[in-house]
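What follows is a short report on a single structure.
In my numbering, the protein residues as written are 9 to 298.
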């Protein structure tokens with residue numbers, strides 16, 4: 009990993025991440041008077057709001073469970089992230105590039121979260137463009153047979169991975185991403201003659217964290233078992249930005265309705281989430297496979 013984030017950068021990120029905006033991504037806030045806002049606490053079950061946010065002080069406090077702190081503490085506790093991971097998440101949110109102090113004792117490759125997120129976003133855009141090409145007709149047919157039209161595919165960012173060995177790798181290299189970054193992001197893997205794309209001839213669903221960052225992918229094979237003996241669904245490996253036990257597919261889209269209704273519907277997979285949302289069940293989410 010990179011070294012310690014500079015204190016000045018931590019302060020900048022904290023000061024430029026309005027706590028009511030950040031908390032508002034998870035909690036439906038209403039005016040509480042005196043410059044405060046309140047909502048139902050995300051840290052314990054309650055029916056009357058005892059969770060208060062004071063934007064002028066950048067502070068939150070729950071009078072029910074006595075949890076409180078600044079915007080960093082809120083994300084750390086809610087997302088189960090480390091301090092560094094939280095600051096990096098918030099920095100990405102405001103488009104700020106962090107600097108790290110020299111002298112880190114941690115060995116291994118340097119991890120820049122924003123670069124990995126950017127690589128995933130570029131890959132998602134590439135896959136979406138590929139879905140419109142003639143070569144992806146069988147992918148579009150698959151979606152149509154399941155009741156998903158062009159608008160539905162667009163809304164959920166569905167794409168297509170070409171039946172080629174390294175088309176995505178070459179595309180992203182051309183965008184300035186390094187082989188190391190693409191390996192770390194789980195977009196490519198080592199082949200016998202160099203890096204190859206992780207996904208080939210598959211429909212692609214971008215997997216986003218609760219903030220809307222693309223952190224991974226789910227891929228459904230289109231070829232028959234005789235042609236492609238791989239698994240029906242192939243998901244991103246564990247990466248520095250993707251931990252499958254911390255991600256629910258569709259939560260970025262469902263979070264506001266979940267916060268409003270205090271209910272969530274768990275379905276099996278990506279197409280189930282799509283179908284549920286299109287049917288008006290906008291609290292539907294899914295786990296991210298095995």
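Virtual Cβ for every residue (Gly too), placed ideally from N, Cα, C. Remember, it's a predicted structure, so these values are computed and weren't measured experimentally.
Asked, Found
"For residue 131, the first and last residue of its enclosing alpha helix (DSSP H)", "121-138"
"Burial state of residue 97, where buried means 16 or more other Cβ atoms lie within 10 Å", "buried"
"Within 7 Å, strictly: CB atoms of residue 66 and residue 27", "yes"
"Contained beta strand (DSSP E) runs [length at least 3] in the region 46-97, N- to C-terminal order", "59-62, 67-70"
"Spatially closest choice to residue 16 from 235, 192, 273, 108, by CA coordinates", "108"
"Three-state secondary structure (DSSP) of residue 249", "coil"
"Chain-order list of residues whose beta-carbon lies under 7 Å from that of residue 240 (same chain, five-residue window excluded)", "228, 229"
"Straight-line Cα distance separating residue 201 from residue 146", "29 Å"
"Given residue 171 as reference, the closest of 120, 157, 231, 185 once Cα atoms are compared", "231"
"Residue 140 to residue 210 span [Cα, whole Å]", "14 Å"
"Test item: CB-CB of residue 244 and residue 220 under 7 Å", "no"
"For residue 286, the three-state DSSP class (helix, strand or coil)", "helix"
"Spatial neighbours of residue 70 in its chain, beta-carbon cut-off 8 Å, leaving aside the 5 residues before and after", "49, 51, 52, 58, 59, 60, 76"
"The region 118-131 contacting the region 142-158, beta-carbon criterion three pairs below 8 Å", "no"
"Buried/exposed call for residue 157, threshold 16 Cβ in 10 Å", "exposed"
"Cutoff 7 Å; reference residue 295; Cβ partners in own chain excluding five residues on either side", "256"
"According to DSSP, residues forming a beta bridge with residue 169", "210"
"C-alpha distance - residue 192 paired with residue 205, whole-angstrom precision", "13 Å"
"Inter-residue spacing [alpha-carbon to alpha-carbon] between residue 81 and residue 236", "46 Å"
"Straight-line gap, residue 246 to residue 194 (C-alpha atoms, nearest Å)", "8 Å"
"Outcome for residue 169 when other beta-carbon atoms lying within 10 angstroms are tallied against a minimum of 16", "buried"
"Ordered list of alpha helix (DSSP H) runs contained in the region 252-281, each at least 4 residues", "259-269"
"Residue 167 burial status per 10 Å Cβ neighbour count (16 or more: buried)", "buried"
"Alpha helix (DSSP H) runs wholly inside the region 185-241, at least 4 long, in chain order", "187-192"
"Cβ neighbours of residue 40 in the same chain (closer than 7 Å, five flanking residues each side left out)", "46, 60"
"Rounded separation between residue 79 and residue 36 - CA only", "16 Å"
"Which of helix, strand or coil DSSP assigns to residue 30", "helix"
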